[in-house]
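Here the structure is laid out as structure tokens; the discussion comes afterwards.
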Amino acid sequence: MDDKNYPAIESHGVIGNMLTTALVSNQGEMNFMCYPYFDSPAIFCKILDANKGGYWSIKPLVSAYKCKQSYWPDTNVLQTRFLMKEGVCSIVDYMPIVNGKGMEWTVRKVKVIRGKVDFEMKCFPTFNFARTPHTAKAKRHGYLLNANGVELELLSHFPMTLMPNGEINSKFTLKENDSAIFVLKDPKEDVELFSFSDHLGCCQREEYLFRSTVDFWQKWLEKCTYKGRWREMVERSALVLKLLTFSPTGAIVASPTCSLPEDLGGVRNWDYRFTWIRDAAFTVYGLIRIGFTEEAKGFMEWLEHRCIQSDYSECEKRGEMPLKIMYSIHGDDRIPEIELDHLEGYKKSSPVRVGNDAVNQKQLDIFGELMDSIYLSNKYGSLVSYEFWSHLRKLIDWVCDHWNETDEGIWEVRSGRQHFVYSKIMCWVAIDRGLRLADRRSFPATRDKWIRIRDTIYEDIQEKGWNKKTGAFSQYYGSDNLDASTLIMSLVFFMAPNDPRNIQTLEKILKPPEEGGLVSNSLVFRYNTHESEDGLTGSEGTFNIATYWMIEALTRAGKTHREFLVKARLMFDEMLGYANHLGLFSEEIGSGGEALGNFPQAFTHLSLISAAFNLDRVLSNKPTQPN
-1 MDDKNYPAIE SHGVIGNMLT TALVSNQGEM NFMCYPYFDS PAIFCKILDA NKGGYWSIKP
59 LVSAYKCKQS YWPDTNVLQT RFLMKEGVCS IVDYMPIVNG KGMEWTVRKV KVIRGKVDFE
119 MKCFPTFNFA RTPHTAKAKR HGYLLNANGV ELELLSHFPM TLMPNGEINS KFTLKENDSA
179 IFVLKDPKED VELFSFSDHL GCCQREEYLF RSTVDFWQKW LEKCTYKGRW REMVERSALV
239 LKLLTFSPTG AIVASPTCSL PEDLGGVRNW DYRFTWIRDA AFTVYGLIRI GFTEEAKGFM
299 EWLEHRCIQS DYSECEKRGE MPLKIMYSIH GDDRIPEIEL DHLEGYKKSS PVRVGNDAVN
359 QKQLDIFGEL MDSIYLSNKY GSLVSYEFWS HLRKLIDWVC DHWNETDEGI WEVRSGRQHF
419 VYSKIMCWVA IDRGLRLADR RSFPATRDKW IRIRDTIYED IQEKGWNKKT GAFSQYYGSD
479 NLDASTLIMS LVFFMAPNDP RNIQTLEKIL KPPEEGGLVS NSLVFRYNTH ESEDGLTGSE
539 GTFNIATYWM IEALTRAGKT HREFLVKARL MFDEMLGYAN HLGLFSEEIG SGGEALGNFP
599 QAFTHLSLIS AAFNLDRVLS NKPTQPN
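For the sequence shown, the working numbering begins at -1 and goes up steadily by one.
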């Protein structure tokens, strides 16, 4: 299969209903969608196999056209516009949200703005990642699709035809101001909103769904308190994070896609449709900073349930952590990783993986991110209950007993455990925030023990994590390699931004890779994949969250080193230039500026929010809020 059959990752927009999402290319093709939830099997997955994967496309039947794509202002409602000599037309894509609740519908409305245009609609679902065949039964105004009990119906007031290959096809013509509506929905959901026999009534009811959805997103965004220099990008990032929140439980997925490659043609292809404790905790931090405390409260409730479910004595017997590093959006920790050998992968990047074996890894850092987000959430309005505190005490005591063990680290290496510096820093954060929270709320705690071990960890990092030969903090104890995760030190108040060791580490990382650093044209690699053994072959792009960490670290150091602040501003503006046409980011950026990895990615957007918030405060000479 020719790589040209795969649209660029960055050429997509995303729509959703806080239950699932769909990717829509700027050519009007929906080529990735899981149904009914984020972590359900995909019904469209052409982006993972251009030949076998399903799709839903609507395009003008003309020889040449230009495409433009934008969001309806302050929403996650997507509009794709086609410009051609025959006229101008648009497709509006959204998943309806009515009375604050996402409907299991996907609506595609085609409208001609000028001229007269012929169209073709093609819907070819491939259930269960193209593993389960389905039947298509004709019904009034559409087709009922069934794949082993998973049912969907495709409806329209325009006639549709079932093709021999299983594709549902419709060819139609619209003149100026005419519209066509196609709906893919759960057949069990009420269809009274639509009467496809009545074209005018159908359009009026679609307008109601559209207005309800637009109103929901716009009213939600009104709560944003950020009014700084990069308001548009921060608000788009907030909308992405809300879109990635699973409304029934408050869980936040790392990304709504799976197996989009970090290295084209390589093996670094992972499933991110789950909730990482780390990612979600950082997300809460980002949302709290700009006024979205309800989302923080929802995640805290989800987190509390995970803590309550933990059996500490059993975990101790099995040598496991009291919390898994990740869970399904429903709270399950059984996420077996399998390879889908029948799919070739995006641009032949195989294997295609669903599920994630990292669920069983030991990553000690998650307790630091967890406690930091809980501390901030408590500080800004979502007070921790005594019952929740009783579980948190156990977590902190566990960290006190296990902080000096090896783990797989934040980057989930598959090459064996090490004493990763980042993990040690976040163990320090876990205990430090526990102490702060206990003092703020006068909670009972074994303070003397916690203080003693917190200080022991600090000295251990300074003694073993600092590499005298390189003059920087290393990736893990005994290593000579740099790691961008050490940029977190000043961000979590482990070290003062102007501490000489922090400054030296910044300066080392800022060098280009050929000089031993990690920065290439203002973009930051997380580590050097050619020198650091991570158990995988191939390379990867620059890591977006690492770039934003660098910007924030430079911002904080810039209060005393003006040249760092100038550098931070330049890097931030340059980084924004790598967003796609809708302001969306994936996980990484390739050597040609292309998006790599799963898309869009919560980690990137939350770090954008944090960097913008702090950079704006320093540039405006506003006092920094104490942690």
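Positions of the beta carbon are idealized from the N, C-alpha and C atoms, including for glycine.
Note that the structure is a prediction, hence the values are computed from the model and not measured.
Item, Value
"So, helix, strand or coil for lysine 107, using DSSP?", "strand"
"Any idea what DSSP makes of asparagine 3, helix, strand or coil?", "helix"
"What runs of the alpha helix (DSSP H), each 4 residues or longer, lie entirely inside the stretch 537 to 585?", "542 to 555 and 560 to 574"
"By how many angstroms is the C-alpha of leucine 46 removed from the C-alpha of methionine -1?", "Here the model assigns methionine -1 a pLDDT of 44, short of 50, so the residue's position is not dependable, and the following value carries that caveat. Approximately 12 Å between the Cα atoms of the pair."
"Bridge partners for methionine 93 per DSSP, in chain order?", "Methionine 93 pairs with nothing; no bridge assigned."
"Of all the alpha helix (DSSP H) runs that stay within the bounds of the stretch 237 to 294, which reach a length of 4 or more residues?", "275 to 287"
"Counting only the same chain and skipping the five closest in sequence on each side, list residues whose C-beta sits under 6 Å from that of serine 253.", "Tyr270, Asn596 and Gln599"
"By DSSP, does cysteine 313 sit in helix, in strand, or in coil?", "helix"
"From arginine 560 to threonine 19, what does the alpha carbon distance come to, in whole angstroms?", "43 Å"
"For my contact list, lysine 422 and aspartate 458 are in at a C-beta cut-off of 8 Å; report their separation, rounded to the angstrom.", "7 Å"
"For isoleucine 449 and cysteine 398, I'd like the C-alpha separation in whole angstroms.", "10 Å"
"Taking the alpha-carbon of lysine 509 as reference, which of Asn496, Val352, Phe523 and Pro498 has the nearest alpha-carbon?", "Phe523"
"State whether the stretch 108 to 118 contacts the stretch 136 to 145, with contact taken as three or more CB pairs (one from each stretch) at a distance under 8 Å.", "no"
"Whole angstroms are fine: how far does the CA of phenylalanine 280 sit from the CA of leucine 594?", "21 Å"
"Would serine 38 count as contacting chain B if we go by Cβ distances under 9 Å?", "Protein chain content of the structure displayed is limited to a single chain, and chain B is not contained in it."
"Let's test the definition: count the other Cβ atoms within 10 Å of the Cβ of lysine 217 and tell me whether it reaches 16, buried, or not, exposed.", "exposed"
"Here's a check: name, in chain order, each residue in its chain whose Cβ is nearer than 8 Å to the Cβ of threonine 159, leaving out the five neighbours to either side.", "Ile166, Asn167 and Ser168"
"Could you please give the first and the last residue of the uninterrupted beta strand (DSSP E) stretch that includes threonine 133?", "133 to 137"
"By a C-beta neighbour count over all protein chains shown, 10 Å radius and 16 as the cutoff for buried, is serine 206 buried or exposed?", "A small fix is needed here, since residue 206 is tyrosine in this sequence, not serine. So tyrosine 206 counts as exposed."
"Can you check whether the CB of threonine 104 is closer than 9 Å to the CB of glycine 26?", "no"
"Just verifying my parser: in three-state terms, what is the DSSP assignment at glutamate 592?", "coil"
"Would you give the residue range spanned by the alpha helix (DSSP H) that phenylalanine 125 belongs to?", "125 to 128"
"Around the C-beta of alanine 6, are 16 or more other C-beta atoms found within 10 angstroms, so that it is buried, or is it exposed?", "exposed"
"What did DSSP end up calling threonine 535 once you bin it into helix, strand or coil?", "coil"
"Alpha carbon to alpha carbon, how far is methionine 16 from glutamate 461?", "46 Å"
"Kindly indicate which residue of Thr444, Arg287, His579 and Lys225 has the alpha-carbon position closest to the one of tyrosine 373.", "Arg287"
"Can you tell me the Cα-Cα spacing of glutamate 8 and arginine 316, whole angstroms?", "43 Å"
"If you draw a straight line from the C-alpha of arginine 276 to the C-alpha of methionine 424, how long is it?", "11 Å"
"Taking the alpha-carbon of valine 108 as reference, which of Glu174, Ile41 and Thr73 has the nearest alpha-carbon?", "Glu174"
"By the 10 Å Cβ neighbour count, where 16 or more other Cβ atoms means buried, how is glutamine 307 classified, buried or exposed?", "exposed"
"Give me the Cα-Cα distance between phenylalanine 214 and glutamate 204, rounded to the nearest whole angstrom.", "15 Å"
"Would you report the Cα separation of cysteine 43 and threonine 223, rounded to the nearest angstrom?", "37 Å"
"Are the CB atoms of phenylalanine 365 and tryptophan 396 within a distance shorter than 9 Å?", "yes"
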